[in-house]
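Protein chains in written order, with the working numbering: chain A, 41 to 377; chain B, 41 to 377.
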């Protein structure tokens, strides 16, 4: 290990510190990364970037500051999500909120005439305003990929196989990839005669994982089918589940995942939805036995690149580098004990 | 090379592009980095980080968003320099304007009880508001170091030797390190009976490299000594210059640089000043025969860390990664032709 070791009493959150008038804390949800951790993050990211490069993915970087309009085109729900930065000339810039939207812009403009599929990866920070008093990150480092011009199920399978290899490159073997389909549950709701606005309320409860709220909304919208729909939303399982429920798109994906051997780490979750609005098909999240949160996730977004001028079906994922690192440490420690 | 190749007609500045309503440019002074360049930047930065690690420097990262007060403590002239980002809870955050001030904060708080010297390096972006219509960067990636607790001339010599090794690790051999002393010229001005406010005006002309303005200010302040002072400000040379002019601190530094063999790439510049206000001693800038701008620079800042609560003499430098990369390409091409 190079560089000095911090105070024996070094706090993990500098923002807890308010010793003297000259000791300025960092804002909540941000932190300093010290040499020991930084060296490990560099090693994990170098290994992951090698996995991406070996699979034909080229790394790109996009500006941290972009015009607000780029976000507006990319995601209808992020207008008030990103940090807004007034520029000297009166323009409003936004801080990078995610990497998928700017890479969709990049692909549609800089690669407008290039034969698909287009394979990109990235390692960059994103910035999100946080609510006070919650343990949220204002800034975090993500590593991820975008595969454009390869429709389902092949693009989905390539991405899920790739994230599995990235996780293994970090030393993680004890992980679960929860896979869902954003269309599946809304199709069930529509088939039960539930209208669009009621569907939106129900999906919101799912997204916030409020199962009590979900059950209440289902009871109000379709009392006699509420229990069955609630069971679908909570259903998790393997091949037999998606066959039984008629989740045909997931069955087609599973055929490919069985072949590549990745299916062993996959669990299907028919109630899985994600908070970003651009997803149109398969979505997934990665969990480990030690992490309380998903350490990453992604999904299919077949309409997004087209909004920037080139119609390409696409799939992308991102991993939170800090959570990936902590999960790798936890697995290593568990194997020692 | 991995990843797709861009359009054969790919523009170097996406911001020139305004083809269609859906083609959103990136803000002037920012850019997308595409795979071929990104792979080369990763290689250069990995080589440089290895040089730092071998010299005992530990890499750190600081938040992109910090409280405005941190900048205020660090630099009296940067209040209106950094991007200000209003937070949801009414606090004003600023985007990282340079890395030296936050690492001074980090060292003083997280390493308050650790035996010096403290050796840190970093690879992170900085953000600066730009004036319209000038070819300035709003966002750029810097690699650099901070050496704390080693006074002049030893700390200065270690840093200049280190930057020389970093440049060589990028394949650059044809470079010049211009070295000056921020105190030297103001001492000459004081000796000529020029008062503090006149000194400030004169140093401002030097900083903006306005030699006509400099001569006019000198004539107004000390007409009979203006010519001699103007010559000192414009003087560049080797050992014989600093001995002749009595620049004793630079002579002591040169003794060390001669020993390490770095002196061959050094030229002393008695009029060199830098735009950041925290420098207190030796300052330097790196030039190559192909770059019109300095590709990096740094200097001694013995008062800054103390403002955050721990009194440590310090020296730091930063290289602009994009300029370093372009200079390395230019030298490689020149050697082929």
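Cβ coordinates follow ideal geometry from the N, Cα and C atoms, glycine included.
Remember, it's a predicted structure, so these values are computed and weren't measured experimentally.
Three-state class that DSSP yields for residue i in the structure shown
i: residue 221 of chain A; result: strand
i: residue 343 of chain B; result: coil
i: residue 206 of chain B; result: helix
i: residue 102 of chain A; result: coil
i: residue 183 of chain B; result: strand
i: residue 135 of chain A; result: strand
i: residue 153 of chain B; result: coil
i: residue 61 of chain B; result: The pLDDT assigned to residue 61 of chain B is 42, lower than 50, so where the model puts this residue is not dependable; a value taken from the coordinates is nonetheless given after this. In the structure shown, residue 61 of chain B sits in coil (DSSP, three-state: anything other than H, G, I, E or B).
i: residue 366 of chain B; result: helix
i: residue 424 of chain B; result: This structure cannot speak to residue 424 of chain B, because chain B is shown only from 41 to 377.
i: residue 313 of chain B; result: coil
i: residue 111 of chain A; result: helix
i: residue 307 of chain A; result: strand
i: residue 253 of chain A; result: helix
i: residue 37 of chain B; result: Nothing can be reported for residue 37 of chain B: it is not among the residues displayed for chain B, which extend from 41 to 377.
i: residue 118 of chain B; result: Bear in mind that a pLDDT of 49 at residue 118 of chain B, under 50, signals an unreliable position, so the number given afterwards is only what the model happens to contain. Residue 118 of chain B: coil per DSSP, three-state reduction.
i: residue 336 of chain A; result: strand
i: residue 87 of chain A; result: helix
i: residue 44 of chain A; result: coil
Neighbour flag for residue i against chain B, beta carbons, 8 Å
i: residue 153 of chain A; result: yes
i: residue 236 of chain A; result: no
i: residue 57 of chain A; result: Bear in mind that a pLDDT of 40 at residue 57 of chain A, under 50, signals an unreliable position, so the number given afterwards is only what the model happens to contain. Chain B, which has a Cβ nearer than 8 Å to the Cβ of residue 57 of chain A, makes this yes.
i: residue 366 of chain A; result: no
i: residue 140 of chain A; result: no
i: residue 150 of chain A; result: yes
i: residue 79 of chain A; result: yes
i: residue 297 of chain A; result: no
i: residue 43 of chain A; result: yes
i: residue 47 of chain A; result: yes
i: residue 344 of chain A; result: no
i: residue 134 of chain A; result: no
i: residue 318 of chain A; result: no
Proximity winner among the options, relative to residue i (alpha-carbon distances)
i: residue 169 of chain B; options: B:200, B:271, B:124; result: B:124
i: residue 221 of chain A; options: A:209, A:247, A:208; result: A:247
i: residue 68 of chain A; options: B:264, B:265, B:107; result: B:107
i: residue 233 of chain B; options: B:99, B:347, B:76, B:264; result: B:264
i: residue 122 of chain B; options: B:334, B:109, B:134; result: B:134
i: residue 302 of chain A; options: A:158, A:109, A:217; result: A:217
i: residue 65 of chain A; options: B:73, B:140, B:95, B:102; result: B:102
i: residue 152 of chain A; options: A:346, A:355, A:364; result: A:346
i: residue 226 of chain B; options: B:201, B:272, B:253, B:191; result: B:272
i: residue 242 of chain A; options: A:371, A:214, A:289, A:258; result: A:258
i: residue 83 of chain B; options: A:214, A:72, A:99, A:70; result: A:99
Any C-beta of chain A under 8 Å from that of residue i
i: residue 127 of chain B; result: yes
i: residue 263 of chain B; result: no
i: residue 174 of chain B; result: no
i: residue 137 of chain B; result: no
i: residue 158 of chain B; result: yes
i: residue 202 of chain B; result: no
i: residue 72 of chain B; result: yes
i: residue 64 of chain B; result: yes
i: residue 123 of chain B; result: yes
i: residue 113 of chain B; result: yes
i: residue 257 of chain B; result: no
CB-CB length for residue i against residue j, believed under 8 Å
i: residue 361 of chain A; j: residue 183 of chain A; result: 6 Å
i: residue 275 of chain A; j: residue 311 of chain A; result: 7 Å
i: residue 193 of chain B; j: residue 352 of chain B; result: Not quite, the Cβ-Cβ distance comes to about 16 Å (not below 8 Å), so this is no contact.
i: residue 11 of chain B; j: residue 93 of chain B; result: In this structure chain B extends from 41 to 377, so residue 11 of chain B is not present and cannot be described.
i: residue 199 of chain A; j: residue 185 of chain A; result: 7 Å
i: residue 314 of chain B; j: residue 326 of chain B; result: The Cβ separation is near 12 Å, so there is no contact.
i: residue 308 of chain B; j: residue 286 of chain B; result: Not a contact, Cβ separation roughly 12 Å.
i: residue 320 of chain A; j: residue 343 of chain A; result: 6 Å
i: residue 47 of chain A; j: residue 154 of chain B; result: 6 Å
i: residue 79 of chain B; j: residue 210 of chain B; result: Not a contact, Cβ separation roughly 14 Å.
i: residue 104 of chain A; j: residue 165 of chain B; result: 6 Å
Within chain D, partners of residue i - CB distance below 7 Å
i: residue 168 of chain B; result: Looking for chain D here will not work: the only protein chains present are A and B.
Task: Within 7 Å of chain A by C-beta, residues of the region 91 to 105 of chain B in sequence order - done: 93, 96, 97, 98, 99, 100, 101, 102, 103, 104, 105
Task: Members of the region 176 to 192 of chain B near chain A, C-beta cut-off 7 Å - done: 178, 179
Open item on the list: So if I threshold CB-CB distances at 7 Å, which residues from the region 346 to 364 of chain B count as touching chain A?
Closed with: 347, 348, 349
- [ ] Below 8 Å between beta carbons is the criterion; list the residues of the region 224 to 251 of chain B that meet it against any residue of chain A, in chain order.
- [x] none
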